[in-house]
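Heads up: the structure comes next, in structure tokens.
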């Protein structure tokens, strides 16, 4: 009896020793796994998690105790769980070869979706039968996002290149025939090819006006392209703002007269000269005065004023037209902006003028803005620094 009890005691002690040894080996193996910088998850044939390292818990946002024994497929987004489970079952049954490398989304405890790049290692028991799979891999969410951003950037770059190519073709293919129409139309209108009656002159002038509108549209598109590409050229020198403004006013009088509008100016002759690109500043004035004519009713008035304000020259173009609602201010200086007003639709336009004006003024170191109310007219203003500025 004593001998039998002694044997049982030895067996019991031996079992405990084995269990302790196994526990120490497991803890040591877990420690090695936790040191690894990659995610590691082992699942059995049923897809239950039997082992997960620290990195795996960090990525998924769970404690180890929350994951052990849990269905691995619960950690996948709901829309792919069934599909992945079917593939997993086929691998466990030997119907298909296990995938060695695979990228799969996982769903974290917080509900966030992360992308993991896995290497799958088949686990086998002592008889060589498949007993589960060890997933090892890394979180590549940020890398995949960067790849998508690079692909998106490259696609946009290609679109931008195509746009530049298109605008280059547009410049040549449209400007050339428009210039031909304008040139020969002017010859006919000046009666250099023979006398015309009043009706013929009327038709010719409408044709020339249409050609001018089309040429302005082409030039606006080209300017916008250059602005966006950072290739907007300037030729800076000291020049008289009063002289430039007077020339623009003179050129706009014909348009104003067609609507019986009055163009008024207050341009002190002693205004100091400004270092600027004369052609571009004239372009801004033409755009602002042209818009005022467009949105001012028949018989209205338009004022052009310029004066010194601090260390800048301030120019204002005011009208008694239809005005602009305050909520539309933020959109005014964006490309292709056309406010939903009846006059806009009747008069037409590209919606590029104000955005181009903003680019020109800011390139000179100035500012541009508007003050208006719906039904009470508008006042557009811009400033140019009096101090010499290097070429933009």
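Numbering (the numbering used here), first residue to last: 3 to 394.
We treat Cβ as the ideally placed atom computed from N, Cα and C, and that holds for glycine.
Query                                                                                                                       : Result
Within 8 angstroms, strictly: CB atoms of residue 140 and residue 122                                                       : no
Contact under 8 angstroms by Cβ, residue 300 with residue 308                                                               : no
Residue 243 vs residue 273 beta-carbon contact at 8 angstroms                                                               : yes
Those residues which DSSP pairs with residue 311 across a bridge                                                            : 314
CB contact flag (residue 250, residue 288, <8 angstroms)                                                                    : yes
Residue 317 classed as buried or exposed, judged by whether at least 16 other C-beta atoms fall within 10 angstroms         : buried
Span of the beta strand (DSSP E) around residue 382                                                                         : 380–387
Contained beta strand (DSSP E) runs [length at least 3] in the stretch 71–115, N- to C-terminal order                       : 103–109
Secondary structure of residue 272, DSSP reduced to three states                                                            : coil
Inter-residue Cα distance where the pair is residue 173 and residue 187                                                     : 20 angstroms
Residue 277 beta carbon less than 8 angstroms from that of residue 223                                                      : no
Spatial distance of residue 89 from residue 354 (CA atoms)                                                                  : 56 angstroms
Range covered by the beta strand (DSSP E) that runs through residue 298                                                     : Premise fails: residue 298 is in no beta strand (DSSP E) and is neither H nor E.
Span of the alpha helix (DSSP H), counted from its first residue to its last, around residue 329                            : Per DSSP, residue 329 belongs to no alpha helix (DSSP H) and is neither H nor E.
Supposed contact pair residue 323 and residue 379 - C-beta distance, whole angstroms, cut 8 angstroms                       : 6 angstroms
Endpoints, the alpha helix (DSSP H) within which residue 140 is located                                                     : Premise fails: residue 140 lies in the beta strand (DSSP E), 132–141, not in any alpha helix (DSSP H).
Check whether residue 191 and residue 210 have beta carbons under 8 angstroms apart                                         : yes
The stretch 167–182 contacting the stretch 142–156, beta-carbon criterion three pairs below 8 angstroms                     : no
Beta carbon of residue 313 nearer than 8 angstroms to that of residue 197                                                   : no
Span separating the alpha-carbon of residue 82 from that of residue 109                                                     : 11 angstroms
With 16 other Cβ atoms within 10 Å as the buried cut-off, status of residue 130                                             : exposed
6 angstroms Cβ shell around residue 325 - same chain, five flanking residues per side excluded                              : 374, 375, 376, 377, 378, 379 and 380
Contacting residues, own chain, Cβ-Cβ under 8 angstroms from residue 248 (five flanking each side not counted)              : 267 and 269
Where residue 151 falls: helix, strand or coil (DSSP)                                                                       : helix
Inter-residue spacing [alpha-carbon to alpha-carbon] between residue 385 and residue 370                                    : 7 angstroms
Endpoints, alpha helix (DSSP H) assigned at residue 220                                                                     : 200–231
Chain B contact for residue 223 (CB, 8 angstroms cutoff)                                                                    : Here there is only one protein chain, and chain B is not present.
For residue 331 and residue 64, the rounded distance between their alpha carbons                                            : 50 angstroms
DSSP state of residue 120 mapped onto helix, strand, coil                                                                   : strand
Option nearest residue 230 by Cα separation, candidates 137, 159, 127 and 132                                               : 159
Euclidean distance between Cα positions of residue 265 and residue 147                                                      : 57 angstroms
Bounding residues of the alpha helix (DSSP H) (the contiguous stretch that carries residue 238)                             : Unbroken run through residue 238: none, as it is neither H nor E.
Separation of residue 226 from residue 255, as counted between CA atoms                                                     : 27 angstroms
Distance between residue 169 and residue 180 (C-alpha atoms, nearest Å)                                                     : 15 angstroms
Beta-carbon proximity of residue 40 to residue 54, cut-off 8 angstroms                                                      : no
Sequence-distant residues of the same chain with beta carbon closer than 7 angstroms to residue 389, five excluded per side : 313
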